[in-house]
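Colleague: 18 is the number of the first residue of the sequence shown in the working numbering; add one for each residue after it.
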Amino acid sequence: MSEGRATADWALVTGACSGIGLAIAHQLAARGHPLVVVSHRAQALEEAARALAAQHQVQVEPLCVDLARESAAAELIAHVERLGIEPMVVVNNAGVFFFGEVADADPAKVAGLLQLHVVTPSLLSRHFARAMRARRRGHLLFVSSISAWNDFPGIALYGASKRYLKSFGLALRAELAVWGVNVTVVAPGATATGLYESTVVDVQKARRFGVMAGPEFVARAAVQAMFAGRALSVPGVTAKLFAWAMWLAPRWAIVRLRRWAPWLPRP
Ligand SMILES: NC(=O)c1ccc[n+]([C@@H]2O[C@H](COP(=O)([O-])OP(=O)(O)OC[C@H]3O[C@@H](n4cnc5c(N)ncnc54)[C@H](OP(=O)(O)O)[C@@H]3O)[C@@H](O)[C@H]2O)c1
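#1: My guess is that Gly-112 and Val-160 are in contact by the Cβ rule of under 8 Å, so how many angstroms apart are they, rounded?
#2: Is there contact here, the segment 167-182 with the segment 220-230, by at least three beta-carbon pairs under 8 Å?
#3: Which partner residues does Asn-109 have in the DSSP bridge list?
#4: Less than 8 Å between the CB atoms is what I'm expecting for Met-149 and Val-198, so what's the real figure, rounded?
#5: One question on the structure: do Met-285 and Val-240 come within less than 8 Å of each other, judged by their Cβ atoms?
#6: Since Thr-31 is in the beta strand (DSSP E), which residue starts that stretch and which ends it?
#7: Where DSSP assigns a beta bridge to Val-77, which residues make up the other side?
#8: What's the C-alpha gap between His-50 and Leu-281?
#9: Could you give the DSSP three-state label for Ser-249: helix, strand or coil?
#10: Please name the residue or residues paired with Thr-208 in a DSSP beta bridge.
#11: I need the DSSP call for Val-198, collapsed to helix, strand or coil.
#12: Taking the CB atoms as reference points, tell me whether Trp-166 and Trp-269 lie closer together than 8 Å.
#13: Short check: CB of Ala-90 to CB of Leu-52, under 8 Å?
#14: Which two residues bound the contiguous alpha helix (DSSP H) that contains Arg-147?
#15: Would you kindly work out how many angstroms separate the C-alpha atoms of Tyr-213 and Glu-118, rounded to a whole number?
#16: Quick one: complete alpha helix (DSSP H) runs, 4+ long, within the segment 249-278?
#17: So the candidates are Glu-233, Ala-47, Lys-126; which of them puts its Cα closest to the Cα of Val-77?
#18: List the residues that DSSP assigns as beta-bridge partners of Val-203.
#19: Do Ser-250 and ligand 1 come close, with the Cβ less than 7 Å from some heavy atom?
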């Protein structure tokens with residue numbers, strides 16, 4: 018379970034063209050890891066790959082795959098095999114976010130979110146964990162969220178999928194630890210990225226008031242926790258306080274929140 022330039026293990030990061038994923042890719046490249054970076058906006062991905070390679074002097078392979086498709090994991094695995102790469106660090110980070118009642122959600126968006134957050138990371142982990150187990154080393158990192166600490170209206174699909182990632186990651190950790198493979202779950206609080214672009218959240222204002230962390234801060238904490246072999250990381254004091262508050266929130270408060278929530282329709 019080593020890290021750094023001496024080993025130069027390949028690392029694969031999903032959702033690496035922006036936000037937390039891009040910042041994690043920078044952290045790994047700065048430690049000397051050559052990278053497979055994956056997302057589905059080709060131009061943004063190419064630009065991110067070029068910038069990572071130039072800044073850190075490591076090999077970077079961009080793979081443009083829509084991870085919300087049913088065939089995504091098989092496609093990505095085939096690409097990686099064709100390149101002859103066996104990543105020993107795999108970061109399941111790609112994600113989307115939307116507010117709203119489940120009853121109003123576009124079925125294609127529902128299927129896409131579940132595929133992206135649940136099915137694809139599970140299949141990728143199943144595949145890459147086998148190689149790591151055979152070599153008795155490696156790291157899997159899952160990007161969950163503090164929303165996994167309770168069950169919230171308006172983000173039912175997002176929160177439940179992040180709870181799945183947390184639970185799956187921690188169970189997988191227990192399976193793989195005896196083989197010398199590490200699994201870490203990072204649960205960021207609100208982070209200033211493009212994730213909220215199509216929502217009511219004012220990212221600039223939240224950042225100014227210190228409610229949101231920067232993606233670089235979250236990425237640094239996540240990568241440090243992973244290489245330290247920690248099970249779970251909630252980066253920053255604010256996120257830890259929010260996670261506690263969410264965990265302690267009684268059901269009646271959540272029901273009341275539903276009544277006040279400006280982002281949900283009134284009966
Ligand atoms: N921001 C927060 O407050 C926060 C808090 C807790 C957890 N998280 C989690 O952190 C992770 C990263 O989000 P972020 O905040 O960094 O937002 P972001 O900047 O929007 O990054 C999301 C990444 O996922 C990729 N992605 C989305 N759909 C994809 C698809 N169908 N196929 C391939 N790649 C796809 C995006 O690539 P394209 O642009 O190419 O689609 C992008 O690189 C997510 O899992 C999110 O749930 C975020």
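Idealized CB from N, CA, C, for every residue including glycine. Please read these numbers as outputs of a predicted model, since none were measured by experiment.
Modeller: Quick look at the numbers:
#1: 7 Å
#2: no
#3: Phe-159
#4: 4 Å
#5: Outside the displayed range of the chain (18 to 284) lies residue 285, so it cannot be described from this structure.
#6: 28-31
#7: Leu-52
#8: 44 Å
#9: Sequence check: residue 249 is Leu here, not Ser. Strand, per DSSP.
#10: Ala-230
#11: coil
#12: no
#13: no
#14: 137-152
#15: 17 Å
#16: 254-265, 268-277
#17: Ala-47
#18: Val-160, Ser-250
#19: no
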